[in-house]
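What follows is a set of notes on a single structure, which appears directly below.
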Amino acid sequence: MNFSTVFSPRQGICGKTARVTAFLLAVLLLFSGFSAMAAETVMTRIIEDIQPKTQSTAVAGSTETIRVLADKNADVTAKVGSQKVTLYRTSEKDANGYYWFEGECEIPSSGNELTVTATATLNGRTQTRTGGSFTVYTAEMLPEEEGSGTVSGDMLTITGAKSFSGKQIQVTADYADVFIPAENDREEDYAAPYYYQMPKGTIDYVVSGPDSNNIYWLASGRKVSAAKSSVIASSGSQGENSINSISLSADSQCTYLTVGETWKVPFNIEVETIQYASSTSNTVTGFTPQKIKIVFDYTTAIVNTGISIPSGSCFSDAKVSTRTTNGVPQCVIELTLREGAYYGAYAEYSGNKLQLKFYNPVSSLKGARIVIDSGHGSYTTGGTYDTGALGVNSTQEAYENYRKATALRDELVSRGAEVYLLDTYKTSNLYSLYDRVDAAIEWEPMVYVSVHHNSSATSTTARGIEVYYNNPWSVYLAKNICNNIFTVYQGMSNGSTAVNRGHKFSEYAVTRVKQFSAVLIEYGFLTTPVENTILTNQSNIEKFAEATADGLEDYFAGVK
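In structure tokens:
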């Protein structure tokens, strides 16, 4: 801004005063502009949540309740399809002061997929959010049990389902990460933590791609890397999938689910119940595993003769149902967890039979299978050594990682765990983070622990322990390890000022797995002199190992 064009003070005996006054007024105007811009930049959300937020069924003519969590002073409305729903503010609010607005709508005629949207206006601002949807049936069409289809002989079926055809890809990697279109995700940059990976052999239809990021957009709603798949047909159809056999078996360590299909459709493993910080956050605030649902896409029929539960299984009950999500017919196998423990699952196809492997719950470290990854420490293909962070007195993170990793291995073995310490220190093996994950998957652990230390380029006083997780079933593993390390840390010399930076959602490559629970530990800052002394002391290293093992012990014991 050119101030001389705004102010033209008279010259003469009062010229100087006028110029000063003009300058001060200009500064005030400038700062008021900055304040306005700042206020505009940090505007908070008007809508915090919307219910329903997932797909569900509804009977034509029935009444359904729509709920929106929003600013108490906002004008809030909703739509179910094209039907407007008037919402009224209730007295119910969340911990952040957002209030629930509620309203009811009558579901129109059947055959529709009705999307729920909410719009809120506050102080001239308008925000719109999309929630779940209703698949509408007549009362005659709706199955006796919510979510199931029509019984035909020994099969539960969906009739009149949308058919799919076109270009098809098949997964060629052992597992391909699943990405979600930006409008549907929780703002993650990498693979969705709530979507199981597509195992080798899985087939899906291509909507578009590969795009500039070498990603295929698929008809099932997923996105997958073209580098981990190949085109198997430019047109045509696999037809409707049918699940014709389901069986469970168990041994002393694992439970196995075998599913016979017409073709290798995409599937997801949905774990219930998970509480998130908000509908747009991946930060898990509560995880109580009660059941899992294996959801098969493009599937219109599933055998309904009952699933026998073997002795020693990690499941206590099983049932099947059908549903439709965004036009995709789906059959569901719902398994109730016997002891409320879930560590992940391994998947593999043999012909058109899918086998899923689940570890039976353990209550201590005895018999637990654990992989330890000593962070950094390998040589690149060009021969460069990866020291990790460099701390005080040229302390190498890789060396300190290895010291803690070996101490942790010895402590876990002494408590009866089966442990695989990845061969990463001063070798050319497993340099890539993905190589480390692949090696762990091949060994099939229950838990993966990546050992690291922190650093700061700008501070020599930074302190703190933090533990990162990605998938929801790792949240209490991260929490227990973090809290146990912090407790022990406080009792060490100069440890009274220790900082617990907490357990946090992350997108680190070694935590973005679905087969097992995984955490990455940052034991502290090597670049802070007082913390470096604590972290590198040999007797403390043994105490850190014991504390980490205690955290793992608490996790398997079900401590939350």
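The sequence shown runs -38 to -1, 1 to 522 under mature numbering (1 follows the signal peptide of the UniProt record, and there is no 0).
Yeah, the Cβ is synthetic: ideal placement off N, Cα and C, and Gly gets one too.
Exposed unless 16 or more other CB atoms sit within 10 angstroms - verdict on residue i
{"i": "K185", "result": "buried"}
{"i": "V78", "result": "buried"}
{"i": "V(-19)", "result": "Note that V(-19) has pLDDT 40, beneath the 50 cutoff, so the model's placement of it is unreliable and the number below is only indicative. V(-19) is exposed by the Cβ-count criterion."}
{"i": "A309", "result": "buried"}
{"i": "R87", "result": "exposed"}
{"i": "Q215", "result": "exposed"}
{"i": "K522", "result": "exposed"}
{"i": "residue 536", "result": "No answer is possible for residue 536: it lies beyond the span of the chain, which begins at -38 and ends at 522."}
{"i": "S312", "result": "exposed"}
{"i": "D116", "result": "exposed"}
{"i": "E359", "result": "buried"}
{"i": "Y364", "result": "buried"}
{"i": "K46", "result": "exposed"}
{"i": "E149", "result": "exposed"}
{"i": "S417", "result": "buried"}
{"i": "D173", "result": "exposed"}
Nearest candidate by alpha-carbon position, reference residue i, set the options
{"i": "Q237", "options": "D279, Y156, I165", "result": "Y156"}
{"i": "F126", "options": "Q477, T261, L49, M408", "result": "T261"}
{"i": "V294", "options": "L384, G302, D151, I256", "result": "I256"}
{"i": "K388", "options": "D372, R371, T346", "result": "T346"}
{"i": "G171", "options": "T245, W179, I165", "result": "W179"}
{"i": "V409", "options": "K253, G248, A511", "result": "A511"}
{"i": "K41", "options": "G93, I9, Q317, G268", "result": "G93"}
{"i": "T217", "options": "T473, L297, T423", "result": "L297"}
{"i": "S95", "options": "F320, I69, Q89", "result": "I69"}
{"i": "V492", "options": "S468, T473, A460", "result": "A460"}
{"i": "T343", "options": "K46, A239, Q317, N391", "result": "N391"}
{"i": "A212", "options": "I194, S278, V282", "result": "S278"}
{"i": "A402", "options": "L383, H415, S417, A419", "result": "L383"}
{"i": "I9", "options": "A22, D56, K46", "result": "D56"}
{"i": "T48", "options": "N58, N35, I28", "result": "I28"}
{"i": "G329", "options": "R377, S356, L299, K366", "result": "R377"}
{"i": "S273", "options": "D397, N58, N355, R300", "result": "R300"}
{"i": "S458", "options": "I496, G464, D335, T489", "result": "I496"}
{"i": "K366", "options": "Q292, T423, S417, I447", "result": "I447"}
{"i": "Q292", "options": "P434, M160, N230, W405", "result": "N230"}
{"i": "N74", "options": "A307, E380, L318, N288", "result": "N288"}
Short Cβ contact (8 Å threshold) for residue i with residue j
{"i": "V375", "j": "V481", "result": "no"}
{"i": "T386", "j": "S340", "result": "yes"}
{"i": "D516", "j": "N462", "result": "no"}
{"i": "Y305", "j": "F63", "result": "no"}
{"i": "D33", "j": "Y60", "result": "yes"}
{"i": "Q130", "j": "Y167", "result": "yes"}
{"i": "N203", "j": "E223", "result": "yes"}
{"i": "Q132", "j": "R7", "result": "no"}
{"i": "A123", "j": "K190", "result": "no"}
{"i": "V282", "j": "N266", "result": "yes"}
{"i": "G302", "j": "T489", "result": "no"}
Whole-angstrom distance between residue j and residue i, CA atom to CA atom
{"i": "Y470", "j": "N432", "result": "8 Å"}
{"i": "N456", "j": "S421", "result": "18 Å"}
{"i": "E232", "j": "F518", "result": "21 Å"}
{"i": "L118", "j": "P323", "result": "31 Å"}
{"i": "D151", "j": "A144", "result": "9 Å"}
{"i": "V38", "j": "P14", "result": "16 Å"}
{"i": "residue 553", "j": "S44", "result": "Any question about residue 553 goes unanswered here, given that the chain covers just -38 to 522."}
{"i": "S436", "j": "V429", "result": "10 Å"}
{"i": "A440", "j": "T498", "result": "22 Å"}
{"i": "S326", "j": "Q500", "result": "27 Å"}
{"i": "T250", "j": "I271", "result": "22 Å"}
{"i": "T242", "j": "V227", "result": "28 Å"}
{"i": "A507", "j": "V290", "result": "49 Å"}
{"i": "A154", "j": "D139", "result": "8 Å"}
{"i": "M454", "j": "N494", "result": "13 Å"}
{"i": "A188", "j": "G337", "result": "29 Å"}
{"i": "I269", "j": "V221", "result": "11 Å"}
{"i": "I208", "j": "L76", "result": "32 Å"}
{"i": "W225", "j": "N314", "result": "6 Å"}
{"i": "N175", "j": "S192", "result": "16 Å"}
{"i": "V333", "j": "F320", "result": "17 Å"}
{"i": "A22", "j": "V98", "result": "6 Å"}
{"i": "N502", "j": "D348", "result": "25 Å"}
{"i": "G128", "j": "D259", "result": "16 Å"}
{"i": "R425", "j": "F487", "result": "6 Å"}
Residue i at chain D interface by Cβ criterion, 8 Å
{"i": "S170", "result": "Considering every chain present, this structure includes no chain D. It has just one protein chain."}
Runs of beta strand (DSSP E) lying entirely within the region 45 to 98, each at least 3 residues, in chain order: 45 to 48, 50 to 55, 61 to 68, 75 to 84
Residue ranges of each beta strand (DSSP E) run of no fewer than 3 residues wholly in the region 232 to 313, ordered along the chain? 246 to 259, 261 to 265, 277 to 287, 290 to 299, 308 to 312
Threshold first: 3 residues or longer. Then list the beta strand (DSSP E) segments lying entirely within the region 348 to 427, N to C. 380 to 383, 409 to 416
Minimum length 3: unbroken beta strand (DSSP E) runs contained in the region 421 to 492: 427 to 431, 462 to 467, 479 to 487
Residue ranges of each beta strand (DSSP E) run of no fewer than 3 residues wholly in the region 190 to 226, ordered along the chain? 191 to 195, 203 to 212, 216 to 223
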